[in-house]
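Student:
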Amino acid sequence: MQGPFFDDVVLGRRSIRGFLDKPVPRSLIEEVLALAMRAPSSLNTQPWNFSVVTGEPLARIRQGNTERMLAGVPESREFRKFEVYEGAHRERQVEIAKQLFAVMDIAREDKAKRQDWVLRGFRQFDAPVSVVVTYDRALLGGDIAPFDCGAVTTALVNAAWSRGLGCVINSQGIMQSPVVREHAQIADDQVIMICVAMGWPDETFPANSVVSRRKSVAEAARFVGFDD
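Numbering-wise (this note's numbering), the sequence shown opens with residue 241 and increments by one.
Following this line, the structure appears as structure tokens:
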């Protein structure tokens with residue numbers, strides 16, 4: 241009974257970058273979070289916390305992100321990022337960018353449209369809800385807490401999809417962490433890990449139709465000790 245439904249969610253989910261101008265009930269978000277928090281964590285430590293932002297506070301985050309980035313303020317994400325992807329990793333980045341730009345009719349030489357697309361990310365794609373995922377600062381310095389946050393974030397976007405909501409995991413939305421911390425009222429004992437833009441998918445928005453290509457099991461997995 242549950243198997244096909246799980247398959248439908250995992251195989252059907254897409255990253256949603258265009259949303260309807262329609263509020264999401266708090267009760268539904270709480271339901272989604274309750275499902276997501278069944279994600280595994282190291283020794284059940286559950287390091288994650290969530291700041292769920294909408295309305296005027298989210299508008300101020302959008303404005304602050306955009307103004308600071310346009311003014312050339314250096315980004316201030318609170319996690320380490322890998323600076324330059326090369327080889328197959330870079331090829332996959334380019335492939336999905338080409339897919340998105342093609343459906344959005346963004347030509348390579350169209351600087352205005354390209355900048356507008358980047359700014360959409362800083363605005364958290366104009367979603368009605370942003371879920372900021374944080375973890376306890378007491379765990380800063382280890383890799384396990386961020387790993388666990390990745391698990392709960394994956395569970396979050398799948399749980400949302402199962403309830404008719406769309407999401408995109410979006411690091412651009414927290415690149416100006418002081419802005420996010422101020423307007424989302426995030427305590428200093430929390431490390432800002434990532435944010436998730438959430439809302440009702442706009443099925444007319446071209447980028448929402450994009451399905452990214454995934455590596456095959458044969459490419460990604462090695463089987464050791466099996467007879468066949």
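Beta carbons: idealized from backbone N, C-alpha and C, even for Gly.
Since the structure is predicted, the reported quantities are computational estimates derived from the model, not experimental observations.
(1) So, do the stretch 446-455 and the stretch 253-260 have three or more beta carbon pairs nearer to each other than 8 Å?
(2) Using 8 Å for Cβ pairs, my map puts V369 next to V264. What's the rounded Cβ distance?
(3) What does DSSP give as the partner residue(s) for D376 in the beta ladder?
(4) How big is the Cα-Cα spacing for I336 and L298?
(5) Given a cut-off of 7 Å on the beta-carbon distance, is the pair I432 and S411 in contact?
(6) Taking the alpha helix (DSSP H) that T225 belongs to, which residues open and close that run?
(7) Mind checking whether C389 and V397 have CB atoms under 7 Å apart?
(8) Spatial neighbours of I409 within its chain, please: CB distance less than 7 Å, with the 5 preceding and 5 following residues excluded, ordered by chain position.
(9) Is it the case that the stretch 300-308 contacts the stretch 357-365, given that we only count it when at least three CB pairs across the two stretches are under 8 Å?
(10) Do A385 and Y375 count as a contact pair if the criterion is CB distance below 7 Å?
(11) Identify, in the order they occur along the chain, each residue of the same chain with its Cβ nearer than 8 Å to the Cβ of K262, setting aside the five sequence neighbours on each side.
(12) To which residues of the same chain is G243 closer than 6 Å at the C-beta, ignoring the five residues directly before and after it?
(13) What number of angstroms, rounded off, separates the C-alpha of D314 from the C-alpha of F322?
(14) Around the Cβ of R421, are there at least 16 other Cβ atoms within 10 angstroms (buried) or fewer (exposed)?
(15) Have a look at V334 and A395 and give me their C-alpha separation to the nearest angstrom.
(16) Would the beta-carbon of V371 fall within 7 Å of that of A424?
(17) What residues in its chain sit with their C-beta under 7 Å from that of E318, if we drop five residues either side in the sequence?
(18) So what's V371 in DSSP terms, helix, strand or just coil?
(19) Would M241 be called buried (16 or more neighbouring beta carbons within 10 Å of its own) or exposed?
(20) Suppose you measure from the CA of A378 to the CA of P287; what does that come to, to the nearest Å?
(21) Might you give, ordered along the chain, the residues of its own chain that have their beta carbon closer than 7 Å to the beta carbon of V451, omitting 5 neighbours on each side?
(22) Return the bridge partner residues of W288 from the DSSP annotation.
(23) Note down, in chain order, each residue of its chain lying with its Cβ closer than 8 Å to the Cβ of Q339, except the 5 sequence neighbours on either side.
(24) With DSSP as the reference, please indicate the residues paired to V436 in a beta bridge.
Tutor: Considering the structure as presented:
(1) yes
(2) 5 Å
(3) Q430
(4) 27 Å
(5) no
(6) Missing from the structure shown is residue 225; the chain here goes from 241 to 468 and no further.
(7) no
(8) T393, V397, I434, V436
(9) yes
(10) yes
(11) P368, G439, W440
(12) Summary for G243: the model assigns pLDDT 49, below 50, so the residue's position carries little reliability; its value from the coordinates is reported in the next sentence. Around G243: no qualifying Cβ.
(13) Before going further, note that residue 314 is Pro rather than Asp in the sequence given. Roughly 16 Å separates the two Cα atoms.
(14) buried
(15) 26 Å
(16) no
(17) S417, V431, I432
(18) strand
(19) Low per-residue confidence applies at M241: pLDDT is 41, beneath 50, and the placement is therefore not dependable, though the value from the model is reported in the following sentence. So M241 ends up on the exposed side.
(20) 10 Å
(21) R254
(22) Y375
(23) V450, S452
(24) V371, I409
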